[in-house]
Amino acid sequence: MKLQFGHAQAGVEYRHRAAVFGIAERDGLIACVRITRDKGPYFDLPGGAVEGEETEAEALTREFREETGLDVTPIDRLTEASQYFVRTDGEALNNVSAFWTMQIAGSTPANKQEADHQLVWLTPDNALASVRHEAHAWAITCWMRWRARQV
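The sequence shown runs contiguously to residue 237 in our numbering.
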């Protein structure tokens with residue numbers, strides 16, 4: 087059984103989109119992106135669509151670089167969950183997302199390409215309460231449980 091979040095609105099066709107997001111920790115905080123759009127800001131985990139023939143790890147490394155300027159290495163595939171939602175541009179999607187644990191290898195701010203994305207470091211509890219998608223909150227919860235077993 088696949089874990090599905092959100093509700094499909096009647097009469098709306100949702101495009102299936104393979105996506106990948108990561109959880110990277112530094113000093114007890116996790117990397118999130120604050121995205122500012124016309125309808126106001128919101129928080130997501132860094133990541134996005136898997137393009138073409140990319141592997142999840144390749145897509146996640148690219149997305150982190152583009153959104154945050156962080157150089158990362160995907161470590162473990164933590165969980166998978168889908169999310170129905172309508173993007174701020176009106177496109178209806180069902181993100182079928184993998185969520186990975188990440189290791190930060192460094193930072194190259196010049197690699198950041200998405201001007202409306204700002205890297206923010208949040209406590210896990212604050213990130214859990216702040217992310218816009220329930221699938222992201224689910225992944226953070228899974229990560230918190232995984233992290234507690236690592237200590």
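Glycine residues also receive a C-beta, built at the ideal position from the N, C-alpha and C atoms.
- With respect to the C-alpha of Arg-112, the residue from Ala-221, Leu-214, Trp-207 having the closest C-alpha is Trp-207.
- Each residue's CA atom was taken as its position, placing Val-136 and Arg-151 some 14 Å apart.
- Judged by DSSP secondary structure, Pro-210 falls within the alpha helix (DSSP H) whose first and last residues are 210-216.
- Secondary structure of Arg-120 (DSSP, three-state): strand.
- By the Cβ rule, the region 97-108 counts as touching the region 179-192, because three or more pairs are nearer than 8 Å.
- Taking all protein chains shown into account, Thr-122 has fewer than 16 neighbouring C-beta atoms within 10 Å of its C-beta and is therefore exposed.
- A straight-line Cα-Cα distance of about 22 Å links Leu-156 and Ala-223.
- Contact check for Arg-120 against Gln-204 passes: the beta carbons are separated by less than 8 Å.
- Here Phe-185 has Phe-107, Leu-164, Thr-165, Ala-225 as same chain residues with Cβ atoms under 6 Å from its own Cβ, once five neighbours each way along the sequence are excluded.
- Put simply, the backbone Cα of Glu-149 is about 6 Å away from that of Gly-134.
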